[in-house]
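Visitor: This is the structure I have questions about; it appears just below.
Chains as they are written, first to last, in the numbering used here: chain A, 151 to 463; chain B, 659 to 895; chain C, 228 to 610.
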């Protein structure tokens, strides 16, 4: 019993906190809001994994670049934030297509390991380029959504931002679903993901199709970054943490499932906020994400919604 | 005899440093069914892959007089060459319907829908499962789907790599009957790689026997079927 | 350059050539610290670059870190993006043992090596089920989490939290070490001797002593790893990397060797951590974050994955590329100063270029060059 007491003591659990319904609700809302942002970046990771079979470790960096562009368009050029974010999504897609064309396409698509290493190189280059161009000063990017909360229960507030974040993610998933299932380019993308050789044999141009996937993923990642950054401050290392949480979300969802990415994102967001609040583990927030990845990979490598597939490395 | 529809000259192909085809010549007239026979590793599959630019090649590949060598797979497909690869010719995560639509990827004419319905009639089992994912079909059903997927291109040249692989003899026979019917009906030129030599020679007009990356024998299918060496080596009687 | 004559493998000439090579290597390793005890600082295109003993010592520690990574990733093919975790653990173990228990640096190896070995094996157990990309994903996350573990409130009074730990033990050269004497001799040599200072300051003497300590530790690590890899274990690991099914079919116990390789890899990484702590006398949480993990991957690939020489080149690369880059105050022809993040960007570019142009890394390139300049005919089998 002494051991248990000391463990509880370490985590500083107080019954007061646990029985505080408003606190629960407040953290639930915050968790959903954070989760929505993780879900967006996780969606971007899943898109690349589905089509190419590797994890793009530079996904967070492309999003970082996009968010800085959104900052330039909105704060420095004076565009409305939402418009600036859309412009940044377009711009980061263009960069991603260029990156795919120059750095990724020259490699045979079935050699996953060199490609993963190349994305690590891209991470180094893009992150430092952002540091070179914009420096390490922190900046703040306004949110796309109005401040204030339409619904309040004591300290628990359902803010416009939470609603906006969630709404955005569900809209992205909806549009993505329509794009992939109803359009020709979507069919091409899914065909390439499913069977590269047969995709070639029905006349699909594989390279441009994968370039399209990179562009789409970068746009979604940028949007996710634009959702998360208003809560924090913008500086060059900000997306690394987001990337780790999003990797956990993607792993939990199953790496190749888009629905899984969204649910995984929400679960990770909730788990993080509840753990941090009730166990006072703010320094361990990142570690919980790692624990999620570890447990998922050990217990159920296909995640909650992923399909089994042969490990390609 | 008119100029052949597909004319291949001095075709070489290699995987990295390993040369598989050492300069083969063959031709198929328009509307004919040609079969390629040969032992494992003789280069049959590579020949088909070479025609679609799926391996690096040298030599000349003329389709209706146009040079295909040097073109990219996507462009060769747009010239009307459909290829059913060995074993995995479908998109397992896509539904049967989507597989057919992917097969018609390069077409934009209004008759795609009618064609899909036609192949659902020809292969009723596909029609019953049009909403299911291809990966959930049996091996035979997947093979039919792969062929239907290729036919959705309205190909002028259909390349088939071991269509009978893993199929029950009954199904194989009916598959070949359907292929001859399609050939008679639409005049589709076909080039078939097949292990089941007696069946293939039965439906083919011309045959080529590959040995170690070179054409060892060639001629009308019925003559080869009667050739003692071929009978001993490939027909087993 | 003209190629030398072809010599047969194992022949007297070949052995003589090998011996000459090793003697030259030993001479360079032994003389360099004296030559750069006064930091060598040439000016190239108006930029002043430094090549000092401190940088070289840190590069040697990085070599050992890459050597450890090489065992897990280069030889047995397990993508580890979190090697910095082991290096950091080793460094912190050393720092805490020295500070709180007043052990000597070298004595801490008695805890670091077995401790990290066990740690690596424990880490390797889940890694048995998690392969390839998934392992990369997990280790990447583990690397990113190390700094926040160090900062945890519960351990911060031990680890120094965000401030890091200053290690309160100096590595003064023992009185028996003839560093001063050797300096005097070298200085007396005409010509070359002019580069060697007339006498060493206390700090210089300490730096030279540290350098030799680190060199010896590195040599022992390389020698041990070479012996391990040259034997049964090494063959098993390479077999696992290249063809796991075939290896299993030939009776290689995948589980044993994979966990073993992670254990050895972690232990060597821990030694590298100790070496870094010895080098700088300080450990800080952010030094061992994911940027170091990626830096080590860069070193591994740039030097040459799966080769021992590669670790040497890689260690030099990840130390000196950012160092010299940050000293480029004006890039020739422009007024750009390559400070801070430029070095990282250059390393990222180097990584991609090497993957493109020289997939075997620098070691592979050197070997080809050497094969052309000094050809050796292989011994015919059974001859």
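Virtual Cβ for every residue (Gly too), placed ideally from N, Cα, C. Here the structure is a predicted model, which is why all the values come from computation and not from measurement.
Between residue 367 of chain A and the rest of its own chain, which residues show a CB-CB distance below 6 Å, the 5 nearest in sequence each way excluded?
Guide: 194, 197, 198
Visitor: State the start and end residues of the unbroken alpha helix (DSSP H) segment that holds residue 728 of chain B.
Guide: Unbroken run through residue 728 of chain B: none, as it is neither H nor E.
Visitor: Just to confirm, are residue 379 of chain A and residue 399 of chain A a CB contact at a threshold of 9 Å?
Guide: no
Visitor: When you compare only the Cα positions, how much space is there between residue 275 of chain C and residue 547 of chain C?
Guide: Pairing residue 275 of chain C with residue 547 of chain C, the inter-Cα distance amounts to about 14 Å.
Visitor: Using C-beta distances below 7 Å, list every residue in its chain close to residue 744 of chain B, excluding the 5 sequence neighbours before and after it, in chain order.
Guide: 703, 819, 820, 823
Visitor: Give the DSSP-derived three-state secondary structure of residue 610 of chain C in the structure shown.
Guide: The predicted model places residue 610 of chain C with a pLDDT of 38, which falls under 50 and marks its position as unreliable; any figure quoted below should be read in that light. Of the three classes helix, strand and coil, the one that applies to residue 610 of chain C here is coil, per DSSP.
Visitor: So the alpha helix (DSSP H) residue 688 of chain B belongs to, where does it begin and stop?
Guide: That residue, residue 688 of chain B, is in no alpha helix (DSSP H); it is neither H nor E in DSSP.
Visitor: Only counting the same chain, and skipping five residues up and downstream in sequence, which positions put a Cβ closer than 8 Å to that of residue 471 of chain C?
Guide: 481
Visitor: What does the Cβ neighbour count give for residue 406 of chain A, buried or exposed, with the cut at 16 atoms within 10 Å?
Guide: buried
Visitor: Tell me whether residue 580 of chain C is buried or exposed, calling it buried when 16 or more other Cβ atoms sit within 10 Å of its Cβ.
Guide: exposed
Visitor: Check the Cβ-Cβ distances between residue 340 of chain A and every residue of chain B, and say whether any is below 9 Å.
Guide: Taking Cβ atoms only, chain B reaches closer than 9 Å to residue 340 of chain A, which makes this a yes.
Visitor: Please report the straight-line C-alpha distance between residue 659 of chain B and residue 680 of chain B, rounded to a whole angstrom.
Guide: Since pLDDT at residue 659 of chain B reaches only 47, below the 50 mark, its modelled position is unreliable, and the value read off the structure follows with that caveat. Each residue's alpha carbon lies about 28 Å from the other.
Visitor: Name the two residues that bound the continuous beta strand (DSSP E) containing residue 744 of chain B.
Guide: Residue 744 of chain B -> no beta strand (DSSP E), and no H or E assigned at all.
Visitor: Using a Cβ distance threshold of 8 Å, determine whether the stretch 540–556 of chain C contacts the stretch 244–252 of chain A, with at least three qualifying pairs required.
Guide: no
Visitor: With a cut-off of 8 Å on the beta carbons, I'd call residue 761 of chain B and residue 352 of chain A a contact; round off their distance for me.
Guide: 5 Å
Visitor: For residue 558 of chain C, I'd like the list of residues in its chain whose CB is within less than 8 Å of its CB, leaving aside the five on either flank, ordered along the chain.
Guide: 564, 565
Visitor: Run through the DSSP bridge pairs and tell me what residue 696 of chain B is partnered with.
Guide: B/868
Visitor: Anyone know if the C-beta pair for residue 225 of chain A and residue 415 of chain A falls short of 9 Å?
Guide: In this structure, residue 225 of chain A keeps its C-beta atom at 9 Å or more from the C-beta atom of residue 415 of chain A.
Visitor: Drop a sphere of 10 angstroms on the beta-carbon of residue 828 of chain B, count the other beta-carbons inside from all chains shown, and report buried for 16 or more, exposed for fewer.
Guide: Exposed.
Visitor: Return the CA-CA distance between residue 429 of chain C and residue 273 of chain C, expressed in angstroms with no decimal places.
Guide: Residue 429 of chain C and residue 273 of chain C have their C-alpha atoms some 31 Å from each other.
Visitor: For residue 871 of chain B, count neighbouring C-beta atoms within 10 Å of its own C-beta (all shown protein chains included) and say buried if the count is 16 or more, exposed if not.
Guide: buried
Visitor: Determine the direct distance from the alpha carbon of residue 695 of chain B to that of residue 329 of chain A, and round the result to whole angstroms.
Guide: 44 Å
Visitor: Residue 798 of chain B and residue 826 of chain B look like a contact to me (Cβ under 8 Å); what is the Cβ gap, rounded to whole Å?
Guide: About 7 Å separates the two Cβ atoms, so the contact holds.
Visitor: So who's on the other strand from residue 848 of chain B, going by DSSP bridges?
Guide: In DSSP, residue 848 of chain B forms a bridge with B/691, B/816.
Visitor: Grouping DSSP H, G and I as helix and E and B as strand, with all else coil, what is residue 877 of chain B?
Guide: strand
Visitor: What first and last residue would you give for the beta strand (DSSP E) that runs through residue 714 of chain B?
Guide: Its beta strand (DSSP E) spans residues 714–721.
Visitor: Terminal residues of the continuous alpha helix (DSSP H) containing residue 356 of chain A?
Guide: Looking at the DSSP string, the run of the alpha helix (DSSP H) that includes residue 356 of chain A is 356–378.
Visitor: On a CA-only basis, which of C/321, C/313, C/318 is nearest residue 348 of chain C? Give me that one, please.
Guide: C/313
Visitor: Given that residue 266 of chain A touches chain C, what residues does it touch there, using C-beta distances under 8 Å?
Guide: What residue 266 of chain A touches in chain C: 306, 360, 363.
Visitor: Taking C-alpha atoms, which residue in C/361, C/316, C/336 lies nearest to residue 446 of chain A?
Guide: C/361
Visitor: Answer yes or no: does any C-beta atom of chain C fall closer than 9 Å to that of residue 271 of chain A?
Guide: Interface residue (Cβ-Cβ distance to chain C less than 9 Å): residue 271 of chain A is classified as such.
Visitor: Quick check on this structure: which residue in B/854, B/725, B/779, B/865 has the alpha carbon closest to the alpha carbon of residue 692 of chain B?
Guide: Of the candidates B/854, B/725, B/779, B/865, the one whose C-alpha sits nearest the C-alpha of residue 692 of chain B is B/865.
Visitor: Counting beta carbon pairs with one atom in the stretch 476–496 of chain C and one in the stretch 430–444 of chain C, are three or more of them shorter than 8 Å?
Guide: no
Visitor: Would residue 412 of chain C be called buried (16 or more neighbouring beta carbons within 10 Å of its own) or exposed?
Guide: Exposed, since its Cβ has fewer than 16 Cβ neighbours within 10 Å.
Visitor: Spell out whether any CB of chain A is found under 9 Å from the CB atom of residue 748 of chain B.
Guide: yes
Visitor: Between the alpha carbons of residue 421 of chain A and residue 178 of chain A, how many angstroms are there, rounded?
Guide: 9 Å
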